[in-house]
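Take a look at the structure set out below.
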Amino acid sequence: MEKQHDNITKSPHVILLPFPAQGHINPIIQFGKRLISKGIKTTLITTIFFLNSHFTNKTNATSIEIEAISDGFDEGGEASADSPESYLKTFKEVGSRSLIDLIKKLQSQGKTIDAIIYDPFITWVLDVALEFGIKGGSFFTQACCVNSIYYHVHKGLISLPLGPTTVSVPGLPPLERWETPSYVHNYGPYPGWSKTVFGQFANIDQARWVFTTSFYQFEKEVIDWMRKKWKLMAIGPTLPSMYLDKRLEDDKDYGFNLYQANHSEYIDWLNDKPKKSVVYVSFGSIAKLGHEQMEEIAWVPVVGMPQWTDQITNAKFLEEIWDIGVRVKSDENGIVRRENLASCIKTIMKEERGVIARRNALKWKNLAKLAIDQGGSSDKDIDEFVYELTKA
């Protein structure tokens with residue numbers, strides 16, 4: 002590959018290449034907005050299918066330029082693949098060639114690329130970047146506690162399938178077997194995704210930067226451990242500025258939504274409820290509930306419950322480390338029964354445990370704002386990245 006010359010003097014230009022899923026795209030878009038606010042030209046690369054079907058407004062309000070590459074499924078995306086394994090394999094084969102062509106096109110237009118920030122679900126992006134002499138940064142969208150577990154599995158420091166003993170990872174509290182991510186404690190059912198999450202670290206030592214959407218105060222111990230291994234930059238929370246520091250004008254939403262959202266309907270519903278009377282529930286954007294589980298929760302106010310992948314470990318930290326909520330336990334069949342949900346709702350709404358959770362939620366909210374505000378820990382990490390780009 003023709004490598005770029007280091008002595009070209011131009012405004013820094015960063016490419017962002019997320020995995021094509023909402024929980025991966027939205028955080029990196031927010032990071033891009035922060036970079037633009039600091040004078041960095043930013044281009045988002047998504048798949049042809051996602052560009053045509055979901056980016057209807059082309060995120061014009063963000064000033065992020067958008068380009069597209071092929072994942073081999075331009076008409077239907079991942080849903081049209083025979084299996085996750087088939088999609089991931091084809092995306093690597095077709096996507097890498099398509100990315101090479103796009104980089105060549107941008108270079109022919111005189112557009113220097115100073116860095117490619119990529120999702121570690123698609124590690125082949127770093128391989129392509131390095132062929133062109135472009136520095137790469139891995140952008141993790143899951144919590145550092147979860148990423149650390151996956152790293153230890155990848156390195157063989159945690160053997161699968163798990164035994165009956167607790168799992169010990171530096172910077173984390175001891176974890177029971179069922180408190181690890183589902184790809185770890187239920188190893189086998191999803192081979193394609195398991196290979197992907199563990200393989201995020203296959204070439205990470207070649208990355209110039211490792212980004213996390215967490216913030217330092219939130220996961221201090223594990224971030225300190227990870228910084229001994231990589232140039233880790235905690236740049237979160239990656240939320241619209243209106244919810245945090247309000248420094249980015251008109252940054253009120255992500256600019257992308259995989260699902261149709263009726264904002265006025267749920268805002269009106271929330272405004273109609275008494276103060277401190279609503280419990281937030283998140284099932285994630287991928288998890289689907291079975292018929293039996295829906296029967297159990299259909300007419301009961303719901304406290305959130307982890308379904309799979311990283312949600313299980315996140316729930317442990319939510320309850321025991323950050324102390325901002327309660328976990329709902331499932332039975333031997335993996336079903337959360339209505340009486341358990343009702344008990345958790347009572348705990349969080351009427352008991353002292355709920356008072357503590359609300360107090361801690363406010364504490365973390367304020368710390369999150371401070372982290373991303375001017376001079377905060379996340380803002381400083383973003384500034385350090387910008388400085389590296391501008392001094393080169």
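Position in the sequence shown counted from 1, then plus 1, gives you the numbering used here.
Glycine residues also receive a C-beta, built at the ideal position from the N, C-alpha and C atoms.
> Looking at the structure shown, is H55 part of a helix, part of a strand, or coil, going by DSSP?
Replying inline: Of the three classes helix, strand and coil, the one that applies to H55 here is coil, per DSSP.
> Under a three-way DSSP split, which group does G355 fall into?
Replying inline: Looking at G355 - three-state DSSP - the assignment turns out to be helix.
> Buried or exposed: which applies to P28, given that a residue is buried once 16 or more other Cβ atoms fall within 10 Å of its Cβ?
Replying inline: So P28 ends up on the buried side.
> For V154, which residues from the same chain have a beta carbon less than 7 angstroms from its beta carbon, with the 5 sequence-adjacent residues on both sides left out?
Replying inline: Annotation for V154: L161, V185, F199 place their beta carbon closer than 7 angstroms to its own, counting only its chain and skipping 5 residues before and after.
> Within the chosen definition, does the stretch 234-242 reach the stretch 156-170 through at least 3 CB pairs nearer than 8 angstroms?
Replying inline: Below 8 angstroms, too few C-beta pairs join the stretch 234-242 and the stretch 156-170 to call them touching: fewer than three.
> When you compare only the Cα positions, how much space is there between K232 and G96?
Replying inline: A straight line joining the alpha-carbon of K232 with that of G96 spans about 27 angstroms.
> Which class does A82 belong to by DSSP, given the choice of helix, strand or coil?
Replying inline: Reduced to three states, the DSSP call for A82 is coil.
> Does any C-beta atom of chain C lie closer than 8 angstroms to the C-beta of I117?
Replying inline: Considering every chain present, this structure includes no chain C. It has just one protein chain.
>> Please tell me whether Y119 and L52 are closer than 8 angstroms, where the distance is taken between their beta carbons.
In response: Cβ distance not < 8 angstroms, so Y119 and L52 don't count as in contact.
>> According to DSSP, S139 sits in a beta bridge with which residue or residues?
In response: In the DSSP output, where bridge partners are listed per residue, S139 has Y119, V211.
>> Judging by CA-CA distance, which residue of G137, D246, D252, S265 is the nearest neighbour of F212?
In response: Relative to F212, the option among G137, D246, D252, S265 whose CA is nearest is G137.
> Which one of W323, E340, D225, R209 has the shortest CA to CA distance from A362?
Replying inline: Just measuring C-alpha positions, the residue of W323, E340, D225, R209 sitting nearest A362 is W323.
>> Check this for me: beta carbons of A144 and D382, under 8 angstroms apart or not?
In response: No, Cβ-Cβ distance for A144 and D382 is not below 8 angstroms.
>> Along the chain, where does the alpha helix (DSSP H) containing T197 start, and where does it finish?
In response: Unbroken alpha helix (DSSP H) run through T197: 192-199.
> Can you tell me where the beta strand (DSSP E) with K381 in it begins and where it stops?
Replying inline: Boundaries around K381 are those of the alpha helix (DSSP H), 378-392, since no beta strand (DSSP E) includes it.
> Comparing alpha-carbon positions, which option in T47, Q207, A80, R35 lies nearest S64?
Replying inline: The candidate whose alpha carbon is nearest that of S64 is R35.
>> At the level of alpha carbons, what is the spacing between E320 and S99?
In response: About 44 angstroms.
> How would you label Q31, buried or exposed, when you count the other beta carbons within 10 angstroms and need 16 or more for buried?
Replying inline: By the 10 Å Cβ count, Q31 comes out buried.
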